[in-house]
Amino acid sequence: MTFTVENLDVRYGGVHAVRGLSLTVAPGEIVGLIGPNGAGKSSTLHAIMGLAPARGSVRLGDRELIGLPPEDVARSGVALVPEGRRIFAELSVAENLRLGRAARRGSQSTLDWVYELFPIVREFRSRQAGLLSGGQQQQLAIARALVAEPDVLLLDEPSLGLAPSIVDVVFDALAAIRERGLAVLLVEQRAQRTVAAADRSHVLANGDLQLTLGPQDAGDTDRLVAAYLS
Amino acid sequence: MTVTWQNLADGLLLGSVYALMAVGIGLVFGVLRLVNFAYGQLVMAGAFALAMASQWGWPAWAGIALCFAVVLALSAAMEWVVFRPLRGHSPAVMLVATFAVAFLLQSIALLWFGSLGKIATSLTFLGRFWTIGGVDIRKIAVVAVVVAAVCLLLLQLLLTRTEIGLHMRAASMDFSTARMLGVRANRVISFAVLISGALAAVVAVMLTVQTPLVTPDFALRDTIVVLAGVVVGGLNRPIPATLGGFAIGFASGVLGGALPTDQSQYLPTFVFAAVILVLLVRPRGLFDFSRTVERV
Chain A
1 MTFTVENLDV
11 RYGGVHAVRG
21 LSLTVAPGEI
31 VGLIGPNGAG
41 KSSTLHAIMG
51 LAPARGSVRL
61 GDRELIGLPP
71 EDVARSGVAL
81 VPEGRRIFAE
91 LSVAENLRLG
101 RAARRGSQST
111 LDWVYELFPI
121 VREFRSRQAG
131 LLSGGQQQQL
141 AIARALVAEP
151 DVLLLDEPSL
161 GLAPSIVDVV
171 FDALAAIRER
181 GLAVLLVEQR
191 AQRTVAAADR
201 SHVLANGDLQ
211 LTLGPQDAGD
221 TDRLVAAYLS
Chain B
1001 MTVTWQNLAD
1011 GLLLGSVYAL
1021 MAVGIGLVFG
1031 VLRLVNFAYG
1041 QLVMAGAFAL
1051 AMASQWGWPA
1061 WAGIALCFAV
1071 VLALSAAMEW
1081 VVFRPLRGHS
1091 PAVMLVATFA
1101 VAFLLQSIAL
1111 LWFGSLGKIA
1121 TSLTFLGRFW
1131 TIGGVDIRKI
1141 AVVAVVVAAV
1151 CLLLLQLLLT
1161 RTEIGLHMRA
1171 ASMDFSTARM
1181 LGVRANRVIS
1191 FAVLISGALA
1201 AVVAVMLTVQ
1211 TPLVTPDFAL
1221 RDTIVVLAGV
1231 VVGGLNRPIP
1241 ATLGGFAIGF
1251 ASGVLGGALP
1261 TDQSQYLPTF
1271 VFAAVILVLL
1281 VRPRGLFDFS
1291 RTVERV
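From first to last, the protein sequence lines stand for chains A and B. Quick note: the first sequence uses our numbering, first residue 1, plus one each step. Quick note: the second sequence uses our numbering, first residue 1001, plus one each step.
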């Protein structure tokens, strides 16, 4: 099912965080959303999940998601890996994964695939999640989103604060998730890496979509810098 | 002041009852971040149900069933009519709403049953004594300890072994993230409110054995003491909150029995002085040993 955002507007009081954003993500695609701090990237994801007040249209297939509470958005097939992981530190890794299945009861084969993707999650499944390292927690956060078998995976800065080797693990996992046919909307600060990995990347500034880049633009540093400064 | 085995038994009785009240208050606080000041009035309503059942000559089991039915119905009504429509409003609005519900229920009881109240007699047999090793222990003390232990064990099993329990625990830690994962807010909150109501019914049964005269301010003082106990234990976490409720109940029970009759009016002074002292020394609560770690 194609994921469509049309004329999305997000306002916090007098602040216009996102201005008429439109984008689509087809199954098996990664779409990047990059831009400086305060550009409206996270606000877009929050609005999609029903966590921020929004106008416009967000559809998964034919189903309109705007106006639904977060739990119904999740049950419709949209999963968010939030910024800062937001894992349940006092629960075990296995319990965090069980919570991931609150939206949709994914199959055992999906769980096995997730374990294959992140062996660390299988290895530490009986450990308290708060005792994992930052990189391991990030893998758990992605695994928790995947066990619900979502159609769309939203990721909010998954590489933030991670060691370079773990960033590689995360981006490798994103490639595998795309191969499995999920639609991925990736919000990132690592612009070059995102542009290279995504099928297309939209550059946001002050809530406006400035331009769209393809993987071929990843090496064009001047264009990236110009987009950020525009 | 001399502490006897009898005083300790009374302390255990009150500690067990207050522990259950603390769990009831803590469960709702966990998912709604709301201290339900109307909790004592739920207990009062259950106690009046028991009193009316005694007056009508109903057997004890039927009185207990009526008590549960009334308290659960009121809990459900509170969730549907007050908490749910106000969800999303500020905590202050919700807090004032629970005060309003408390006053409303108390006023209804006053109009309906009068200020002199009613007497619940069908469970008075539990107020009699067993003599164990020369110590007179009221049956209700043993029943209260056993019932509280069973209730807490069942609750622990519910929270740790079932999906709804896991959802409740997650919601009490981070409701926003739990909802984002698909945990249904209304289901979890309704469930917590109903369990809290069931515990209020259990408390009503036990308190009416201890104090058969049921008046509109029944359990009001107990609720205030338990709220202090919950804060002393650690409001944010269920086990510390329960231990806080038990500790303050135990201390009240023991001191209440041990203080000379002409000094018993000072009991609340002792209890609340201890509360202030504990909060000055350990503001997070006496039994909250968790560390808050925030990754940035």
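Glycine is no exception: its CB is placed at the ideal position from the N, C-alpha and C atoms.
Is it buried or exposed for residue i, if we count other Cβ within 10 angstroms and need 16 for buried?
{"i": "Trp1112(B)", "result": "exposed"}
{"i": "Ile1299(B)", "result": "Residue coverage of chain B in this structure runs from 1001 to 1296, which leaves residue 1299(B) outside it and unanswerable."}
{"i": "Asn7(A)", "result": "exposed"}
{"i": "Leu43(A)", "result": "Here residue 43(A) is Ser; the residue named in the question, Leu, does not match the sequence. Ser43(A) comes out buried."}
{"i": "Tyr1039(B)", "result": "buried"}
{"i": "Glu64(A)", "result": "exposed"}
{"i": "Thr1177(B)", "result": "buried"}
{"i": "Gly214(A)", "result": "exposed"}
{"i": "Phe1103(B)", "result": "exposed"}
{"i": "Asn1036(B)", "result": "buried"}
{"i": "Asp1288(B)", "result": "buried"}
{"i": "Leu1099(B)", "result": "With the sequence shown as reference, residue 1099(B) is identified as Phe, and Leu is not the correct amino acid for it. So Phe1099(B) ends up on the exposed side."}
{"i": "Gln1041(B)", "result": "buried"}
{"i": "Val1281(B)", "result": "exposed"}
{"i": "Arg1169(B)", "result": "buried"}
{"i": "Leu1013(B)", "result": "buried"}
{"i": "Ala951(B)", "result": "A query on residue 951(B) cannot be resolved here, the shown segment of chain B reaching from 1001 to 1296 and no further."}
{"i": "Glu157(A)", "result": "buried"}
{"i": "Asp151(A)", "result": "buried"}
{"i": "Arg144(A)", "result": "buried"}
{"i": "Glu1079(B)", "result": "buried"}
{"i": "Ala1192(B)", "result": "buried"}
{"i": "Phe1125(B)", "result": "exposed"}
{"i": "Val1296(B)", "result": "In this prediction, Val1296(B) scores a pLDDT of 37, lower than 50, which makes its location untrustworthy; no coordinate-derived value is stated."}
{"i": "Leu1286(B)", "result": "buried"}
{"i": "Ser1016(B)", "result": "buried"}
{"i": "Trp231(A)", "result": "Limits of chain A in this structure are 1 at one end and 230 at the other, which puts residue 231(A) out of reach."}
{"i": "Ala102(A)", "result": "buried"}
Measuring CB to CB, does residue i end up less than 9 angstroms from residue j?
{"i": "Gln137(A)", "j": "Ile177(A)", "result": "no"}
{"i": "Leu91(A)", "j": "Gln128(A)", "result": "yes"}
{"i": "Leu1243(B)", "j": "Ala1019(B)", "result": "yes"}
{"i": "Gly1026(B)", "j": "Val1230(B)", "result": "yes"}
{"i": "Gln139(A)", "j": "Ser159(A)", "result": "no"}
{"i": "Ile48(A)", "j": "Ala39(A)", "result": "no"}
{"i": "Val1135(B)", "j": "Trp1005(B)", "result": "yes"}
{"i": "Ala142(A)", "j": "Val187(A)", "result": "Sequence inspection shows Ile at residue 142(A); the Ala mentioned does not correspond to that position. In this structure, Val187(A) does not lie closer than 9 angstroms to Ile142(A) by Cβ."}
{"i": "Gly1011(B)", "j": "Ala1251(B)", "result": "yes"}
{"i": "Leu182(A)", "j": "Leu153(A)", "result": "yes"}
{"i": "Leu1157(B)", "j": "Ala1060(B)", "result": "no"}
{"i": "Leu174(A)", "j": "Ala191(A)", "result": "no"}
{"i": "Ala163(A)", "j": "Gly135(A)", "result": "yes"}
{"i": "Val203(A)", "j": "Gly35(A)", "result": "yes"}
{"i": "Ile1195(B)", "j": "Leu1155(B)", "result": "yes"}
{"i": "Val167(A)", "j": "Arg193(A)", "result": "yes"}
{"i": "Leu1207(B)", "j": "Val1043(B)", "result": "yes"}
Taking residue i and residue j to be in contact with their CB atoms under 8 angstroms, please state how far apart those CB atoms are, rounded to whole angstroms.
{"i": "Ala1022(B)", "j": "Gly1234(B)", "result": "Contact flag wrong, Cβ pair sits at about 11 angstroms."}
{"i": "Leu97(A)", "j": "Val147(A)", "result": "5 angstroms"}
{"i": "Arg104(A)", "j": "Glu149(A)", "result": "6 angstroms"}
{"i": "Ile1248(B)", "j": "Val1214(B)", "result": "About 23 angstroms separates the two Cβ atoms, so there is no contact after all."}
{"i": "Val1071(B)", "j": "Ala1045(B)", "result": "6 angstroms"}
{"i": "Leu1267(B)", "j": "Leu1277(B)", "result": "With 8 angstroms as the limit, Leu1267(B) and Leu1277(B) do not qualify as a contact, their Cβ atoms being about 16 angstroms apart."}
{"i": "Pro1238(B)", "j": "Gly1030(B)", "result": "6 angstroms"}
With 9 angstroms as the threshold, decide whether the Cβ of residue i is near any Cβ in chain C.
{"i": "Phe88(A)", "result": "Considering every chain present, this structure includes no chain C. Its protein chains are A and B."}
task = Give, in chain order, every residue of the segment 1179-1202 of chain B whose Cβ lies closer than 8 angstroms to some Cβ of chain A.
result = Arg1179, Met1180, Leu1181, Gly1182, Val1183, Arg1184 and Ala1185
ask   = Between the segment 143-161 of chain A and chain B, which residues of the former have a C-beta closer than 9 angstroms to a C-beta of the latter?
value = Arg144, Ala145, Ala148 and Gly161
key: At least 3 beta-carbon pairs within less than 8 angstroms: the segment 1113-1130 of chain B vs the segment 1156-1167 of chain B   = no
request  = Would you check if the segment 1210-1219 of chain B and the segment 1078-1094 of chain B touch, i.e. whether three or more CB-CB distances between them fall below 8 angstroms?
outcome  = no
task = For the segment 21-51 of chain A, enumerate the residues whose C-beta is nearer than 8 angstroms to any C-beta of chain B, in chain order.
result = Within the segment 21-51 of chain A, the residues whose Cβ lies closer than 8 angstroms to some Cβ of chain B are Met49 and Leu51, listed in chain order.
request  = Decide yes or no for the touch test of the segment 30-42 of chain A against the segment 62-73 of chain A: beta carbon pairs closer than 8 angstroms, at least 3 of them.
outcome  = The count of Cβ pairs closer than 8 angstroms, one atom from the segment 30-42 of chain A and one from the segment 62-73 of chain A, stays below three, leaving the stretches out of contact.
message = Please identify, using Cβ separations under 9 angstroms, the residues of the segment 91-107 of chain A that lie next to chain B, in order along the chain.
response = Leu91, Glu95, Asn96, Arg98, Leu99, Gly100, Arg101, Ala102, Ala103 and Arg104
task = Give the residues from the segment 51-82 of chain A that approach chain B closer than 9 angstroms (Cβ to any Cβ), ordered along the chain.
result = Leu51, Pro69, Pro70, Glu71, Asp72, Val73, Ala74, Arg75, Ala79, Leu80 and Pro82
request  = Mind the definition here: the segment 1038-1050 of chain B touches the segment 1065-1080 of chain B only if three or more C-beta pairs lie below 8 angstroms; say whether that holds.
outcome  = Proximity of the segment 1038-1050 of chain B to the segment 1065-1080 of chain B meets the contact definition, three or more beta-carbon pairs being nearer than 8 angstroms.
request  = Scan the segment 1158-1181 of chain B for residues whose Cβ lies nearer than 8 angstroms to a Cβ of chain A and list them as they occur along the chain.
outcome  = Glu1163, Leu1166, His1167, Arg1169, Ala1170, Met1173, Asp1174, Ser1176, Thr1177, Ala1178, Arg1179, Met1180 and Leu1181
message = So, does the segment 70-79 of chain A touch the segment 1169-1184 of chain B, judging by three or more C-beta pairs under 8 angstroms?
response = yes
message = Across the segment 1116-1127 of chain B and the segment 1054-1064 of chain B, are there enough close Cβ pairs to call them in contact, namely three or more that are closer than 8 angstroms?
response = yes
ask   = Is it true that the segment 207-220 of chain A meets the segment 17-25 of chain A, where meeting means three or more beta-carbon pairs spaced less than 8 angstroms apart?
value = Output reads yes: the segment 17-25 of chain A touches the segment 207-220 of chain A.
query = Between the segment 1143-1154 of chain B and the segment 1193-1210 of chain B, do at least 3 Cβ pairs fall closer than 8 angstroms?
reply = yes
query = Relative to chain B, which residues along the segment 193-207 of chain A have a C-beta separation below 8 angstroms, given in chain order?
reply = none
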